[in-house]
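For reference, the structure is listed below as structure tokens.
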Amino acid sequence: MGQKYVYLFSEGSGAMGDLLGRKGANLADMISLGLPVPYGFTITTEACRRFYDEGKQIHPLISSQIEDGLATLEQITGKAIGHPTRPLLVSVRSGSSISMPGMMDTILNLGINDKTAESLAYQTNQPAFAYDSYRRFIQMFASIVLDVDSSLFEEELLRMKDIAGVTRDSDLDADHLADLINRYKKIVSEETGHCFPQDPIEQLMKATGAVFDSWYNQRAMIYRRIHKIPEHLGTAVTIQEMVFGNAGVNSGTGIAFTRHPSTGEASLFGEFLLNAQGEDIVAGIRTPSPLSLLQDNMPVVYAQLKKTAHKLENHYRDMQDIEFTVENSRLFLLQTRAAKRTAEAAIKVTVDMANEGLISRDEALLRINPSNLSPLLQYTIDPHSVLDLLGTGLGASSGAATGIIVFDAEEAERLHRTGLSVILVRPETTPEDIHGMVASDGVLTIRGGVTSHAAVVARDLGKPSVVGCESFTVDLEERRLHAGDRTLNEGDVITICGSSGQVINGEAPLVPPRFSDEFKTLLQWARDRKTLPVLASVNSPREADLSRRMGAEGVGLCRTEQMFKDPHRLGIVTKMMLAHSAYERRKYLNQLIPIQKDDFCGIFRAMEGKPVTIRLIDPPLHEFLPNAEVLSLEIERARVAGDTGELKQKIALLERIQILHESNPAFGHRGCRLGITYPEIYECQTRAIAEAALDLKREGIHVYPRIIVPLLSHTNEMLAVRVNVLNTLEQVYTQYCDRMDIPIGAFMELPRACLTADRIVEYADFFVYGTNDLTQSTYGFSRDDAEGKYLAYYLDHKILQDNPFVVLDQEGVGQLIKIGIEKGRSKRPGLKIGVCGDHTSEQQSVLFFQNEGLDFISSLPHRIPMSLLSAAQAAIHTEKAPVPTTKQK
Ligand code: PEP
Ligand code: MG
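Residue numbers for the sequence shown follow my numbering, so the first one is 982 and each next one is one higher.
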């Protein structure tokens, strides 16, 4: 019989997700649990792959298996496709092994044609229902299979509602619907040159091919790219007997979440539309009512739904998103899947489930992707501020976002590329808008509920969103948003709050995040479970204090140049950088050092008893120098104004800037190069560190300073700085009549340093990897240019799988790290090695650091939760599969 491409629901199982797609596998599973699922069969993902192999043709072997599946379905249901008195209608749904909500196509009511529509009308005695199903099918089939523009049907529908004098689709009567069907068929003939197909088998085969084909539509490809879903998976197609939520007032359709998808609250939550089909909710074209509508109208069905939801959650041990239909007071389940949820909900659900005993603590820690925590680490609207409220919709995805209003996805993408924050405002979003949603900071829709496409995708992307803001209207032609009697134009600034649903005029004041009890619990579990110490990269006492409260075990990196970024300090640093002589430099250093000493004291205090690693200054020079172009303009202005004093001074400044100008500041006169050529800078900094430490020691405070030398490439650089630092330390010790152990380490961020680590270690007491610069220098990429110009293309075209500045490139950069560790520890067993850089809060990178036997990771304060969770996950993974490390005991 050849390979099996079609599985009846009773032949499948929950474990067959790769073959049957998540939807097909879960439907099979629900059948075996004895739940009320309309029967059907699934065409496998292998059939999809073969479809593409055969040049987008369904192989005869597969079509004959589809016909066999259909024959069995006909037997089981006692109906037949195209039958004049017992017509079987089916849905044709997509479903990959990883759920991609709304990204591929679905066709409902297939099998309906001129004849079966009449028989359905006669049998049910509800002609309006039969014709409504037919007109929906024509529109779906024509737009998905025959490529007819869907808006042609929408316009006709609006026209017909006008003629009938009704506002809701469901208020059209049978005569109007019959008329509409004729108009729809006319559109099809005009657009395709053919009559609308009447043969149900032809409909079925074409629909199946079109659903396979939708695997490569634009929105699905973008979704896969964002979520790193492999292209080769393909989609399965599920054919299922139709049940009708549009069969009258005892029917309806809904979506139920076993817990709240925005807050995680442990109670059934969902939405319901009376007398409607599923697509109406998902597409956001009608704003549904809360599930209480079902509870009020059909309490027995509601109770059954609640029980079923509980059963499914226990079975899958995860929060479910269930699609259901009620046909004449009978409940049917159409789908269940792990629910998309906000980061806030994900944490509450996971911690609650672990506390309920449904999952273990390790499972709870593994279930949260650290990168998904970022919305929780964002600022929210200050609850005490006075807001200029424009209106309130439904808060669908938490967090606050401020940006300019943009009315279409393309414009959102374009403006985002120029560095602007944008809020995408749409009547409703469709899956085609996904690229605009990715580019936006937040999403606002006028229609749709919290289970609409906009809401589901925004939650998935971690973007704040407000939906169903029905007091607003959008004029897409004029590009205006009307909020009551106020009008906003494209480009005006608004703030949206995805928790409260508020839409605010202008920029609203924001406050730092507050962690929920569940979040705190999860972080505590992470701290208890991890083995790799997590330190903080801080530049001020306030940050040190905050980091310590979050559980940082010391400071892994204090970037001393960042301490000079406030305007007062910056002025002195700029003068120091522009100085012509060591004497002049010392003058400005003497102003800077007391300020820096105060900061060091604050950081040491906040981190009492913990190590504090301070990096000697590593200024990318251009960040501290005035902008030459602006200065040239000012010179012109001074010339015109005839201000000779100012003119002379500015010209001298410009000349100095031109002398200091670097073609490539990323690899310029910075780091230890600056410290070696201008030794007084490092000398003064060392003095400030040692004096701060000894002052606190006198107060009885336990301080553990370490000094680290940036941007080394040669052991002689390490030696030169070490000599300077040691001499300075000795002078301070003599002055204080006291001393302490201050190790001097090497910041490993250039390939040559890694390759010659056995030489560098001769003068270094410890190593810290700087994976940001190590990535730049290994690739020869300047990060700003790469991320701003070509990296997006590289990722789109799979030249690179990941952005190497986010996910550590283990193959290249990782190899240099390994070499450095091996060479360093070969000369100095037990050498302490840490890592700083943006990779220390990324899951896979932290696992690599753990496996390579590093002694600590250090992250920015707001990323510490991600690092803690990544480290806990790394500990769990390495325990499960121990990996040999290069760490020497
Ligand atoms: C690094 O290069 O990884 C690093 C931590 O230093 P910075 O980001 O300050 O260049
Ligand atoms: Mg660096």
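For each residue, glycine too, the CB sits at the ideal point set by N, CA and C. It should be emphasised that the depicted structure is a prediction, and the values quoted were computed from it without experimental measurement.
Residues with a Cβ closer than 6 Å to any heavy atom of ligand 2, in chain order? Glu-1730, Gly-1751, Asn-1753 and Asp-1754
Check whether the stretch 1836-1855 and the stretch 1812-1820 touch, using three or more Cβ-Cβ pairs below 8 Å as the test. yes
Secondary structure, beta strand (DSSP E): runs of 3+ residues fully inside the stretch 1435-1522: 1446-1448, 1453-1456, 1461-1464, 1467-1470, 1474-1478, 1483-1486 and 1515-1518
Between Pro-1178 and the rest of its own chain, which residues show a CB-CB distance below 6 Å, the 5 nearest in sequence each way excluded? To locate residue 1178, count along the sequence shown from 1; it is residue 197. Correct list, in chain order: Gln-1184.
Neighbour-count burial assignment, His-1561, 16 or more Cβ in a 10 Å radius: Residue 1561 sits at position 580 when you count from the first residue of the sequence shown. Per the 10 Å Cβ criterion, exposed.
Cβ of Cys-1653 within 7 Å of any heavy atom in ligand 1? Numbered from its first residue, the sequence shown carries residue 1653 at position 672. Because no heavy atom of ligand 1 lies under 7 Å away, the Cβ of Cys-1653 does not count as near it: no.
Beta bridge counterpart(s) of Gly-1815 as assigned by DSSP: Numbered from 1 along the sequence shown, position 834 holds the residue referred to as residue 1815. Per DSSP, Val-1749 and Phe-1837.
Rounding to the nearest angstrom, what Cα-Cα distance links Leu-1850 and Leu-1504 in this structure? Counting from 1 along the sequence shown, the entry for residue 1850 is found at position 869. Counting from 1 along the sequence shown, the entry for residue 1504 is found at position 523. When rounded, the distance between both Cα atoms is 7 Å.
In this structure, how does DSSP classify Thr-1066 when only helix, strand and coil are distinguished? On the sequence shown, position 85 is the one that residue 1066 refers to. In the three-state scheme derived from DSSP, where H, G and I count as helix and E and B as strand, Thr-1066 is classed as coil.
beta-carbon Asp-1363 near ligand 1 non-hydrogen atom, thresh 7 Å: Taking the first residue of the sequence shown as 1, we reach residue 1363 at position 382. Checking the Cβ of Asp-1363 against ligand 1 gives no.
Cβ-heavy atom distance between Arg-1540 and ligand 1 below 7 Å? For the purposes of this step, residue 1540 is taken as residue 559 along the sequence shown, with counting starting at 1. Yes, the beta carbon of Arg-1540 sits closer than 7 Å to at least one heavy atom of ligand 1.
Coil, strand or helix - Ser-1075 by DSSP: By 1-based counting over the sequence shown, the position of residue 1075 is 94. Ser-1075: strand per DSSP, three-state reduction.
Distance between Asp-1194 and Met-1186 (C-alpha atoms, nearest Å): Against the sequence shown, residue 1186 aligns to sequence position 205. Against the sequence shown, residue 1194 aligns to sequence position 213. If you take the alpha carbons of Met-1186 and Asp-1194, they lie about 12 Å apart.
With DSSP run on the structure shown, which of helix, strand or coil describes Asp-1389? Numbered from its first residue, the sequence shown carries residue 1389 at position 408. Asp-1389 falls in the coil class under three-state DSSP.
Any chance the CB of Gly-1487 is under 7 Å from a heavy atom of ligand 1? Along the sequence shown, read from residue 1 onward, the residue named residue 1487 stands at position 506. No, the beta carbon of Gly-1487 sits no closer than 7 Å to any heavy atom of ligand 1.
Inter-residue spacing [alpha-carbon to alpha-carbon] between Phe-1545 and Asn-1708: In the sequence shown, residue 1545 corresponds to position 564, counting from 1. In the sequence shown, residue 1708 corresponds to position 727, counting from 1. Approximately 25 Å, taken between the alpha carbons.
Short of 6 Å in beta carbon distance, which residues of its chain neighbour Leu-1635, apart from the five on each side in sequence? Order them along the chain. Looking up residue 1635 in the sequence shown gives position 654. Leu-1612.
Nearest-angstrom Cα distance between Arg-1654 and Leu-1692? The sequence position of residue 1654 within the sequence shown is 673, counting from 1. The sequence position of residue 1692 within the sequence shown is 711, counting from 1. Distance between the alpha carbons of Arg-1654 and Leu-1692 is about 8 Å.
With 16 other Cβ atoms within 10 Å as the buried cut-off, status of Leu-1315: Taking the sequence shown and counting its residues from 1, the one referred to as residue 1315 is at position 334. Under this definition Leu-1315 is a buried residue.
Proximity below 8 Å, CB of Met-1418 to CB of Ala-1436: Counted from its first residue, the sequence shown places residue 1418 at position 437. Counted from its first residue, the sequence shown places residue 1436 at position 455. Result no, Cβ atoms of Met-1418 and Ala-1436 do not sit closer than 8 Å.
Which residue marks the beginning of the beta strand (DSSP E) containing Ile-1220, and which one marks its end? Here residue 1220 is taken as the residue at index 239 of the sequence shown, counted from 1. Per DSSP, Ile-1220 belongs to the beta strand (DSSP E) from 1217-1222.
Can Asp-1389 and Ser-1402 be called in contact, C-beta distance under 8 Å? Numbered from its first residue, the sequence shown carries residue 1389 at position 408. Numbered from its first residue, the sequence shown carries residue 1402 at position 421. Between Asp-1389 and Ser-1402, the C-beta gap is not smaller than 8 Å, which leaves the two residues out of contact.
Measuring CA to CA, which of Leu-1354, Arg-1318 and Glu-1099 is closest to Ile-1303? By one-based count along the sequence shown, residue 1303 stands at place 322. Minimum Cα distance to Ile-1303 is reached at Arg-1318.
Can you pull the DSSP bridge partners for Arg-1407? As a working mapping, residue 1407 is identified with position 426 in the sequence shown. Paired residues: Thr-1426.
Can you tell me where the alpha helix (DSSP H) with Ala-1098 in it begins and where it stops? Residue numbering aside, residue 1098 sits at position 117 when the sequence shown is read from its first letter. Segment 1095-1105, the alpha helix (DSSP H) holding Ala-1098.
Beta-carbon within less than 8 Å of Val-1787's beta-carbon, same chain only, minus the 5 sequence neighbours each way: which residues are those? Position 806 of the sequence shown, counting from 1, holds the residue named residue 1787. Answer for Val-1787: Asp-1819, His-1820 and Glu-1823, listed in chain order.
Cys-1539 - containing beta strand (DSSP E), residue span: Walking along the sequence shown from the start, residue 1539 turns up at place 558. Note, Cys-1539: beta strand (DSSP E), 1536-1540.
Quick check on Leu-1405: buried or exposed, where buried means 16 or more other Cβ atoms within 10 Å of its Cβ? The count along the sequence shown starts at 1 and reaches residue 1405 at position 424. Flag for Leu-1405 reads buried.
Are the stretch 1457-1469 and the stretch 1099-1107 touching, with three or more C-beta to C-beta distances below 8 Å? no
What residue range is occupied by the uninterrupted alpha helix (DSSP H) comprising Gly-1656? Here residue 1656 refers to the residue found at position 675 when the sequence shown is read from its first residue. From DSSP, the alpha helix (DSSP H) with Gly-1656 extends over 1653-1658.
Is Cys-1735 close to ligand 1? I mean its beta-carbon at under 7 Å from any heavy atom of the ligand. Translated into the one-based positions of the sequence shown, residue 1735 becomes position 754. No.
Could you tell me which whole beta strand (DSSP E) segments of length 3 or greater appear in the stretch 1117-1157? DSSP runs (the beta strand (DSSP E)) wholly in the stretch 1117-1157: none.
Here's the rule I'm using: 16 or more other beta-carbon atoms within 10 Å means buried, otherwise exposed. How should Ile-1024 be labelled? On the sequence shown, position 43 is the one that residue 1024 refers to. Classification for Ile-1024: buried.
Closer than 7 Å by C-beta to Gln-1258: which residues in its own chain qualify, once you throw out the five before and the five after it? Chain order, please. As a working mapping, residue 1258 is identified with position 277 in the sequence shown. Answer for Gln-1258: Leu-1089, Arg-1117, Gly-1226, Asn-1227 and Thr-1234, listed in chain order.
Under a Cβ-count criterion, where at least 16 other Cβ atoms within 10 Å of its own Cβ denotes burial, should Lys-1870 be classed as buried or exposed? As a working note, residue 1870 is residue 889 in the sequence shown. Only weak support exists for where Lys-1870 lies, its pLDDT of 33 falling under 50; the value from the coordinates is given anyway. Counting Cβ neighbours within 10 Å, Lys-1870 comes out exposed, since fewer than 16 surround it.
For a test of the three-state rule: what should DSSP assign to Val-1706, helix, strand or coil? Stepping through the sequence shown from its first residue, residue 1706 is reached at position 725. In this structure, Val-1706 counts as helix in the three-state DSSP scheme.
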